[in-house]
Structures are given as structure tokens and as C-alpha cells.
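*Asks:*
Residue numbers (our numbering): 20 to 357.
And the structure:
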């Protein structure tokens, strides 16, 4: 209301030059303000949102022409009515600026353009803001889904190992073997890591390696003389962080799906670290007829790696004669993608 009041005052004052006929000026300014308001709201309420913003340019041009014709007709009709009823057909008594319809039309069009331009800017701003809000909501939802999926994947990693270890521990308890207390302690440490430490976004690589060694020790107690395992690792892996439970599932997968050859399950594990990447490989004895083409373990690991590193990692699995191999390459913390 304030803006259109200013527009009315503009028409009244600007076109009053050379005339003291206040009745005509009041009539003229009201009609011009009304024409401007009608034409402007046609633009900002109909033509711009329905045709211009939806890229219907031909219809927008056509209706724009219709609107301009209406505006020019209204301006001309106002001048004629003023000439006939307020100045008694005496052309010389009319205000100087009102004698020229083009000046009046330019003023009307200028106001229409100003308001329409502001409308387009506001529309673009609101659209951009709405898109950003939707994008943020989508990202938040996606993040929540990934976090839930990540928790689900983590919980799938260890149940069978726990059952196997408890069965072995039960056997040791029945025999009152000396290994039982050490086995309980290592299992307790490992369960603490699996159940609680995985909630952290990152853990020290040293911790992951220590729990891999605890896991291997537990499996050695279970397999006894039927296991041949070698774990080669870098001497200095301090100050390196990785996502928790990222390497252990590969070792677990080797025990779960490995097939003894001549009564011996063979597993070879190697961990290497260079300036930019961590290389981790696990090889285990296997047979083609028993090898699972799509074990749930590796499938879940692949999903988790995709969530953590997107495409910035490498996981290759091969089966050569009687050896199944899984090789993982991931970037160090400062090379990771968010």
C-alpha cells in the first residue's frame, strides 16, 4: 500500500507541471495508478510465474503485447476524457507532460518493469532457498540412512565368530584347559572393540591390528594344529587412523570361508603403509567347488567401503588354483574423501 501510494503521488506531482486543475490531476493520478497496478499484477501474478518461469516464451510474448496494448489504450483514454471533461476541449490548458502519451506510457512501463524485475529476483531467491532446504533435508535423510546401514553392516560381521569361539571356550572349560582364562580375556577385549569402539568414526590402526592379533590367537586355539597363518605388518603404524572394523572382517572372512587343504587351513595376511595409502591383503586356502561367489561378508564390506570412501578405494578379489585372495587399498586419513 505504501509503495502504490508513492506511485500515485508520483503521477500527481510529476504531471502537475503547468496546471492548477487539481480535480483533473486527482482523476488522472488515480486512473494512471490503477492502470499501473492492474498491468503490474497481471505480469507478476500471471505472466511471469505461468509463462516466463515455465519457459513458455511465445505465450509470454503474446500476453505481454496484449497487456501493453491495454496499458496504452488506458493512457490514451484517460487523456481524451481529461481533454473532454476537465479542459472543455481546450488543448492549450492541459499540462505540458500530459499532452505527450509516450511520456506517460514510459512512466507506467518503467514502474511495471521495476516491480516485475523485483518479483523475478525474489522468485529466484525463494526457489534457490527452497532448493537448498530440500537439498539439506535430502542430505540429512541420506546421512541418517547411511548411519543406520553402517550400524547394520557392522552388526553382521561377528555373530558366527562369537558362536564358534564360545563353543571352543566351552570345550576348554570342560577339559579345564589352561588356555581358557587367556581366551576369555582376549574374547572380552575383542567384544569390547566390536560392540563399543565401532561407534567412533576413526580408531588408531594400531588398535585394529591388535584386535586382529587377538582374533587370530582365538582362532589358533580353536583350530590347534590344523591352522597355518602368517601375519606380516609394518613396524611403525602409529599415528595412523582408519574406520573401525575395516580390516578385521577380511581376516574373519578368510577363516569363515577358507577350506583346509590336506587338513590344513592356510592364511597369509600382509599390511603395508606408504605415504598416501594403506594396502591390506588376505589370502586363504580354498577350493573352487566350495567357494561362495557372493559371500555376505565381502558384499557388506564393499558396501561399507563405498559409504566411507566413495570411489576412492580399491578392493580386488581373485581365485587362483587353491588360493582365494582379497586385496584392499584405502587412502590415509588426510587423503580420504568426505
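For each residue, glycine too, the CB sits at the ideal point set by N, CA and C. As the structure is a computational prediction, the values presented were derived from the model and not from experiment.
In terms of residues, what are the limits of the beta strand (DSSP E) holding residue 196?
*Replies:* Within the chain shown, numbered from 1, the residue matching residue 196 stands at position 177. Careful: residue 196 lies outside any beta strand (DSSP E) and carries neither H nor E.
*Asks:* Within 10 Å of its beta-carbon, does residue 41 have 16 or more other beta-carbons around it, so buried, or fewer, so exposed?
*Replies:* What you label residue 41 is simply residue 22 of the chain shown in a count that begins at 1. Residue 41 should be labelled exposed.
*Asks:* Could I get the ranges of all uninterrupted beta strand (DSSP E) runs contained in the segment 242–291, with 3 residues as the minimum, in chain order?
*Replies:* Runs of the beta strand (DSSP E) inside the segment 242–291: 246–251.
*Asks:* Check each candidate in 282, 147, 139, 125 and name the one with the smallest Cα separation from residue 51.
*Replies:* As a working mapping, residue 51 is identified with position 32 in the chain shown. Cα-wise, what sits closest to residue 51 is 125.
*Asks:* Compare the C-alpha of residue 279 against each of 182, 243, 181, 350 and name the closest.
*Replies:* Here residue 279 is taken as the residue at index 260 of the chain shown, counted from 1. Nearest option by C-alpha distance: 243.
*Asks:* Among all the DSSP beta bridges, which residues are the ones paired with residue 297?
*Replies:* Residue numbering aside, residue 297 sits at position 278 when the chain shown is read from its first letter. DSSP lists 292, 349 as partners of residue 297.
*Asks:* Run through DSSP, which three-state label would residue 105 get?
*Replies:* Reading the chain shown from its first residue, position 86 is the one you call residue 105. Of the three classes helix, strand and coil, the one that applies to residue 105 here is coil, per DSSP.
*Asks:* List the whole-angstrom C-beta distance separating residue 113 from residue 55, where the pair is believed to meet the contact cut-off of C-beta under 8 Å.
*Replies:* Taking the chain shown and counting its residues from 1, one reaches residue 113 at position 94. Taking the chain shown and counting its residues from 1, one reaches residue 55 at position 36. Not a contact, Cβ separation roughly 20 Å.
*Asks:* Are the CB atoms of residue 292 and residue 259 nearer to each other than 9 Å?
*Replies:* Counting from one through the chain shown, the residue named residue 292 turns up at place 273. Counting from one through the chain shown, the residue named residue 259 turns up at place 240. Yes, Cβ-Cβ distance for residue 292 and residue 259 is below 9 Å.
*Asks:* Thinking just about the alpha-carbon of each residue, which of 294, 306, 338, 46 is nearest to the one in residue 282?
*Replies:* In the chain shown, the residue the question calls residue 282 occupies position 263. Residue 282 has its Cα closest to that of 306, out of 294, 306, 338, 46.
*Asks:* Could you give the DSSP three-state label for residue 91: helix, strand or coil?
*Replies:* What you label residue 91 is simply residue 72 of the chain shown in a count that begins at 1. It is helical.
*Asks:* May I ask you to report which of helix, strand or coil DSSP gives residue 302?
*Replies:* In the chain shown, residue 302 corresponds to position 283, counting from 1. Reduced to three states, the DSSP call for residue 302 is strand.
*Asks:* Just the Cα atoms here: how many angstroms apart are residue 237 and residue 227?
*Replies:* The sequence position of residue 237 within the chain shown is 218, counting from 1. The sequence position of residue 227 within the chain shown is 208, counting from 1. Residue 237 and residue 227: Cα-Cα distance of roughly 15 Å.
*Asks:* Using the DSSP secondary-structure output, state which residues sit across from residue 223 in a beta bridge.
*Replies:* The sequence position of residue 223 within the chain shown is 204, counting from 1. Its beta-bridge partners are 260.
*Asks:* Should residue 51 be flagged as near chain C, meaning a C-beta pair shorter than 9 Å?
*Replies:* No chain C appears in this structure, which consists of one protein chain only.
*Asks:* Which word fits residue 90, buried or exposed, when buried means at least 16 other C-beta atoms lie within 10 angstroms of its C-beta?
*Replies:* Here the question's residue 90 lines up with position 71 in the chain shown. Buried.
*Asks:* Do the CB positions of residue 299 and residue 288 come within less than 9 Å of each other?
*Replies:* Residue numbering aside, residue 299 sits at position 280 when the chain shown is read from its first letter. Residue numbering aside, residue 288 sits at position 269 when the chain shown is read from its first letter. For residue 299 and residue 288, yes; Cβs fall inside 9 Å.
*Asks:* Residues in its own chain within less than 8 Å of residue 66 by CB, not counting five upstream and five downstream?
*Replies:* Taking the chain shown and counting its residues from 1, the one referred to as residue 66 is at position 47. Counting only Cβ-Cβ distances below 8 Å, and skipping sequence neighbours, we find 79, 82, 83, 86.
*Asks:* Using only the alpha-carbon positions, how far apart do residue 59 and residue 128 sit?
*Replies:* If you number the chain shown from 1, residue 59 lands on position 40. If you number the chain shown from 1, residue 128 lands on position 109. Taking the straight line joining both Cα atoms gives about 9 Å.
*Asks:* Assuming the contact rule is C-beta atoms closer than 8 Å, residue 324 and residue 334 should be a hit. Round their C-beta distance to whole Å, please.
*Replies:* Along the chain shown, one-based indexing puts residue 324 at 305. Along the chain shown, one-based indexing puts residue 334 at 315. Right, their Cβ atoms sit about 6 Å apart.
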